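Report on the following structure.
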Ligand SMILES: [Fe+2]
């Protein structure tokens, strides 16, 4: 596979904890995912923006009104974009491992007028680990925030501060743990604020220790279609978010019928040749997902 990202993108993520990459997906893939998100949430339409300038913006439930994990009853495009081969490869390169797990993938649609989307700076580790981010960054995880509609400053792009910049502020991480609602910390971060605004297909890759915040959609009738996808190293029990089997009622057959073994392994499905796959497990798994092509799993089992 030809990588659509460079070594310097990987280095940038490792050093800065944040990098913006364009060109990972083809225009057709971007269009298909846009169409799927439109099918899932697009019965809604953007209204008149709600803009509040009084006091510090808050992270509130309404900002996550249309934020739901895969799979969806739509084409494979949205269901598999989170495990796109380019993302798997990037996750492996950044986390320095060949074995990665997907622990979150959500479609996220925002429409102007639903709420004031403006947030204060925060890090995501709060709901990705019960402890704290490690300085050994490959022990943490990588999050991809991917836009599937054009996002200008009026469409609520995420804003962020690189690790290199936040390190210039004395003990900012410690101060945040101590009192995250201290408004003075927001003022210290503000001068370093960068935007993720970009055309459909733009990917913002960041770590759980990176300060970032949502901004408001200020354009009337506008929307922002995004997908999140988070990877960690296999066997890393310190990181979590979604337990995939908990969502068993969702249309998993779409994923099993269209994913490669490599993509399925990101969800925790053992690879062909893994000792898990014996005649019994293959037969029963094929009963559970009758249209899943298990040829490779059967072939590797027979070779053993
Ligand atoms: Fe966040």
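Numbering (the numbering used here), first residue to last: 146 to 449.
Even glycine gets a Cβ: it sits at the ideal position worked out from N, Cα and C.
Note that the coordinates shown come from a computational prediction; the quantities given were computed from them, not determined experimentally.
Contact test: residue i Cβ vs ligand 1 heavy atom, cutoff 7 Å
i           : result
residue 269 : yes
residue 357 : yes
Residues near residue i in its chain [Cβ-Cβ closer than 6 Å; skip 5 each side]
i           : result
residue 389 : 412
residue 201 : 265 and 328
residue 314 : 333
residue 445 : 417 and 418
residue 368 : 191 and 256
residue 378 : 240 and 242
residue 432 : none
residue 236 : 245, 287 and 376
residue 163 : 305, 307, 351 and 355
residue 155 : 238 and 239
residue 158 : 164, 239 and 350
Simplified DSSP assignment, three categories, for residue i
i           : result
residue 245 : strand
residue 155 : helix
residue 205 : coil
residue 214 : strand
residue 335 : helix
residue 239 : helix
residue 179 : helix
residue 234 : helix
residue 226 : helix
residue 171 : coil
residue 190 : coil
residue 445 : helix
residue 400 : helix
residue 250 : strand
residue 147 : coil
residue 185 : helix
residue 163 : strand
residue 384 : strand
residue 219 : coil
residue 440 : helix
residue 423 : coil
residue 415 : coil
Neighbourhood of residue i by C-beta distance below 8 Å, restricted to the same chain and skipping five residues each side
i           : result
residue 403 : 221, 224 and 225
residue 455 : Any question about residue 455 goes unanswered here, given that the chain covers just 146 to 449.
residue 138 : With the chain covering only 146 through 449, there is no way to say anything about residue 138.
residue 167 : 343, 344, 346, 347 and 348
residue 300 : 294, 342, 362, 364, 367, 368 and 369
residue 277 : 270 and 322
residue 320 : 327 and 330
Whole-angstrom C-beta distance between residue j and residue i, which should lie under 8 Å
i           : j           : result
residue 227 : residue 250 : 3 Å
residue 373 : residue 288 : 6 Å
residue 279 : residue 362 : Contact flag wrong, Cβ pair sits at about 34 Å.
residue 398 : residue 434 : 6 Å
Residues near residue i in its chain [Cβ-Cβ closer than 7 Å; skip 5 each side]
i           : result
residue 218 : 396
residue 443 : 427
residue 177 : 220 and 222
residue 309 : 160 and 161
residue 230 : 146
residue 298 : 340 and 342
Margin query: Threshold first: 4 residues or longer. Then list the alpha helix (DSSP H) segments lying entirely within the stretch 252-328, N to C.
Written below: 308-311 and 317-323
Kindly provide the ranges of any beta strand (DSSP E) runs that are 3 or more residues long and lie completely inside the stretch 331-379, ordered along the chain. List check, beta strand (DSSP E) in window: 348-351 and 368-378.
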